[in-house]
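Visitor:
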Amino acid sequence: MKKRCSPLSVAAGKGVQGACRLFKRGHSLPGMVVEKIDKGFLASALSQLPLGTMIVCGTNGKTTTARLIAQALRELELRAVTNNSGANFTRGIISSLLPLMTPSGKLPCDIGIFELDEAWAPVFCRQFPPSYALILNCSRDQLDRYGERDSVESMLAQVASCATKGLILNGGDERVKAFSSLAKGAKVSFYDFDPAISPLFPRDEDLICMKQGSYVKAPDGEASVILKRAFGDTALFEVGGEEFSLKMGVEGSFNFLNAAAAMAAILCIAKCCPQIGEKGRFEYVDMSARSVAQAVSKVKPAFGRGEEFHIGGCEVKMVLVKNPVGFSSALRALPLQDKDVMVALNDESADGRDVSWIYDVDYSNLSKIKAVTGERAFDMALCLEYNGKEVRRADLDIAKSLSGFLEGQKDKIIFSSYTSMLSLRKILLEMDKSKGGDLYAAD
Amino acid sequence: MRRIDVLSLYTNDMSFYGDMGNVLVVSKRLAFYGFEPVVHFYNPGDVFPEHVDMVFGGGGQDSGQKNIFEDLQKRSEKLRELASQGVPMLMICGMYQLFGKYFLTNSGKKIPGICVFDLYTEATSDRLIGNLVEESSQFGRLVGYENHSGQTYFSSPLRPLGKVISGEGNNLKDGVDGAVVNNAIGTYLHGPVLSKNPKLADFLIQKAQLNRYGEELLPPAAPILRRIDELAGKANEAASRRPR
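Heads up: the protein sequence lines correspond to chains A and B, in order.
Just so you know, we're using the numbering used here here: the first sequence kicks off at 1 and counts up by one.
Just so you know, we're using the numbering used here here: the second sequence kicks off at 1 and counts up by one.
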């Protein structure tokens, strides 16, 4: 089964990667080159992973959750490899494997944790059926790309049906929960949240109902991991019947639920891999509920997803928001009192060209907004004003807005769409001396 | 305070593309003009409100259209009656289609509409997606976003809402978007359309006022409306310059 990759392809890929780094160019170019000259490369590379691969998919939380799983596995002394966020599909994954490969074509890793977007995931999974699939949620996002949420749902269903060993599902999202019937021999496990905290996890339907004055409660689930409570930076989890109260490295209840997903995913791996705990390479790996929960709790946020910068004595937090559920959850979960708030909205194709969705966000936790920026700043400001929220300044120019916004001594929080986040982050990194200007510092 | 009753049709199923924002915009503007907006959310099986001054409907997924079309048939007579009385209506995308005669699905099935507009829609395999800019003699430049696989054709000569400047609108042939019959307006513009096109919002409010209180001119507005309309103008300008 285990096949080494051709040393020639590895050398070519590493060469292109070196050149790309030198010229600060594209992440997936090396993967593209390798794919061209060696079609079997990825299959040989993935076949070397003794614990297999896991695909992380869903509308919100892919990057953070994939990171939570991979970092926690490393904490548990497994060698986990991941793809960079946004470096999707085969070429992105090849590019992320290349730096770890030995010149002889060996991949000295135990498991691959790959996040894939909803469109690429089914294509990838048909070509390389993953050992595990973790599906986080299904809500409306980038309808200009996907047309309807129903088509996203069927893409996720295909991913669920491809998993060979384990399928991990969000029991609190009824569309995702229903995928359990699609498992073909894979063990199914769920994670969930306690119904008492369901207002922290609104779904599309809840946002629409809430605006009409009613609210649909989340259903119960039979789950291996349950997020029971969230207080500030501490979360209470029930993991395999035991309760753990943990101070979390990531912030916000939506990320605590991602942590529950990560714990369930790792426990599922433990259940499906008889090698773990047996004599040999995995003899001393401890995947008990306690050590898994603790390992996940220590992980810090991924870049742009609650990442913090320190500028002029203030803390500046960057939160990526790209759809009604994600934005509403962030506003419900993060402390906003005594903070200056900025919202940045771009409409590049990576953000979604259609910005109509901002009208379905629940803004009730916001009060004043100090600055609004991005290509669709005026749309955003107008929407906030119609929602009764005062906007002090709206400006299309991101750099100019940011410099005005950073004045003053209050801590700051920025909610931003994807491409505006990249622009803002670049400036913030230059200003934050502690990060040393490395664009991928938090990755 | 003078009350205006606003009906939001099938919000659970037919507000998947932000069109509930139209109800927000119009109720806020009503309040700025000194009216008391009362919004009735109507979903399948609900009691139909006794008095209705304005009616709104939005876009949904195909599955959403399937969920509501039977109930819509039960309300078709009432809604046609309101339309013929000149009640202002704004129907976007999926509800615009169902306010026509029928929607012909890919499998050849005809989903009946309620015939407020003399037009029909055919499902196609190419989805028309992108920014949509059009010129209306009555409302000026209208901007928004279209996202539909059905293409709509007039059965008899109707007045379109606007002439398409960029994007597609009703279909790939006619170069127009939407339809206006009496005070009922149908369009493919999401956005939500009223946010960046306040003249259209005020037209609907004006007609509602005229019908209920017999007055033509809108009362003076709260000062905040000037600021909002200035933002709307800038948003319209910025959006109309964005790529498809």
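No residue lacks a Cβ here, since even glycine has one placed at the ideal position from N, Cα and C.
The structure displayed is predicted, hence computed values, not measured ones.
#1: Beta strand (DSSP E) containing M1(B): first to last residue?
#2: So is K400(A) buried or exposed if we call it buried at 16+ other beta carbons inside 10 Å?
#3: Quick check on C44(B): does DSSP put it in helix, strand or coil?
#4: Is DSSP giving T152(B) helix, strand or coil here?
#5: Give the range of the beta strand (DSSP E) segment to which S166(B) is assigned.
#6: Suppose only complete runs of 4+ residues qualify. What are the alpha helix (DSSP H) ranges in the segment 352 to 418 of chain A, listed by chain order?
#7: Taking only beta-carbon atoms, is R127(B) less than 7 Å away from chain A?
#8: Our contact map puts T63(A) next to R305(A) with C-beta atoms below 8 Å; I'd like the distance itself, whole angstroms only.
#9: Where are the beta strand (DSSP E) runs, 3 residues long or more, that stay fully inside the segment 96 to 142 of chain A, in chain order?
#10: Could you tell me if K426(A) is buried or exposed, where buried requires 16 or more neighbouring beta carbons within 10 angstroms of its beta carbon?
#11: What residues of chain B sit near C383(A), judged by a beta carbon separation below 8 Å?
#12: DSSP puts R21(A) in a beta bridge; with which residues?
#13: For V181(B), collect the residues of the same chain with a Cβ closer than 6 Å to its Cβ; drop the 5 residues on either side in sequence, then sort them by chain order.
#14: Using DSSP with H/G/I as helix, E/B as strand and the rest coil, what is I94(A)?
#15: Any idea which residues DSSP pairs D177(B) with across the strands?
#16: Tell me whether T234(A) is buried or exposed, calling it buried when 16 or more other Cβ atoms sit within 10 Å of its Cβ.
#17: For K109(B), decide whether its Cβ has a neighbour in chain A, counting only Cβ atoms nearer than 7 Å.
#18: Excluding the five sequence neighbours on either side, which residues of its own chain have a C-beta within less than 6 Å of the C-beta of S253(A), listed in chain order?
#19: Along chain A, which residues have their Cβ under 7 Å away from the Cβ of Q73(B)?
#20: For E148(A) and Y102(B), what's the separation of their Cα atoms in angstroms?
#21: Taking its Cβ as the centre, do 16 or more other Cβ atoms sit within 10 Å of Y284(A), making it buried, or is it exposed?
#22: How about the segment 180 to 198 of chain B and the segment 10 to 30 of chain B: do they share at least three Cβ pairs that are nearer than 8 Å?
#23: Threshold first: 3 residues or longer. Then list the beta strand (DSSP E) segments lying entirely within the segment 13 to 59 of chain B, N to C.
#24: For the beta strand (DSSP E) containing I114(B), name the first residue and the last one.
#25: Once you ignore the five residues that flank A157(A) on each side, which residues in its own chain have a CB closer than 8 Å to its CB?
#26: Do the CB positions of L169(A) and A261(A) come within less than 7 Å of each other?
#27: Okay, do the segment 370 to 385 of chain A and the segment 308 to 326 of chain A touch, 3+ Cβ pairs below 8 Å being the bar?
#28: Looking at the C-beta of K217(A), does it have a partner C-beta in chain B at a distance below 7 Å?
#29: Can the beta-carbon of G150(B) be found closer than 7 Å to that of T187(B)?
#30: Express the C-alpha separation of I205(B) and Q138(B) in angstroms, rounding to a whole number.
#31: Classify Y284(A) as helix, strand or coil using the three-state DSSP reduction.
#32: Chain B partners of C209(A), CB-CB under 8 Å?
#33: Which of the three DSSP states, helix, strand or coil, is assigned to K78(B)?
#34: Would you decide whether P219(A) is buried or exposed? Buried here means 16 or more other CB atoms lie within 10 Å of its CB.
#35: Going along the chain, which residues of the segment 340 to 358 of chain A sit with their C-beta nearer than 8 Å to a C-beta in chain B?
#36: Using only the alpha-carbon positions, how far apart do A163(A) and Y363(A) sit?
Guide: Checking against the coordinates, here is how it stands:
#1: Taken as a continuous stretch (DSSP letters only), M1(B) belongs to no beta strand (DSSP E), as it is neither H nor E.
#2: Looking at its Cβ environment, which holds fewer than 16 other Cβ atoms inside 10 Å, K400(A) is exposed.
#3: The question names Cys, but residue 44(B) in the sequence shown is Pro. Three-state result, P44(B): coil.
#4: Per DSSP, reduced to three states, the secondary structure at T152(B) is strand.
#5: G162 to S166
#6: Whole alpha helix (DSSP H) segments, 4+ residues: 377 to 386 and 398 to 405.
#7: Answer yes: the Cβ-Cβ gap between R127(B) and chain A drops below 7 Å somewhere.
#8: Between R305(A) and T63(A) the Cβ distance is about 6 Å, and since that is below 8 Å, they are a contact.
#9: 111 to 115 and 132 to 135
#10: The residue is exposed, with fewer than 16 neighbouring Cβ atoms inside 10 Å.
#11: G21 and S195
#12: DSSP output for R21(A) lists no bridge partner at all.
#13: F117
#14: helix
#15: G162(B).
#16: exposed
#17: no
#18: L200, A230 and A333
#19: None at all; the shortest Cβ gap to chain A is about 23 Å.
#20: 21 Å
#21: exposed
#22: yes
#23: 35 to 42 and 54 to 57
#24: Element bounds for I114(B): n/a, residue is neither H nor E.
#25: F179 and L182
#26: no
#27: no
#28: In this prediction, K217(A) scores a pLDDT of 48, lower than 50, which makes its location untrustworthy; the coordinate-derived value is nonetheless stated afterwards. K217(A) does not count as touching chain B.
#29: It is not a contact, given that the beta carbons lie outside the stated cut-off.
#30: 15 Å
#31: coil
#32: N12
#33: helix
#34: Summary for P219(A): the model assigns pLDDT 47, below 50, so the residue's position carries little reliability, and this model does not support an answer.
#35: Within the segment 340 to 358 of chain A, the residues whose Cβ lies closer than 8 Å to some Cβ of chain B are D347, R353, D354, V355, S356, W357 and I358, listed in chain order.
#36: 38 Å
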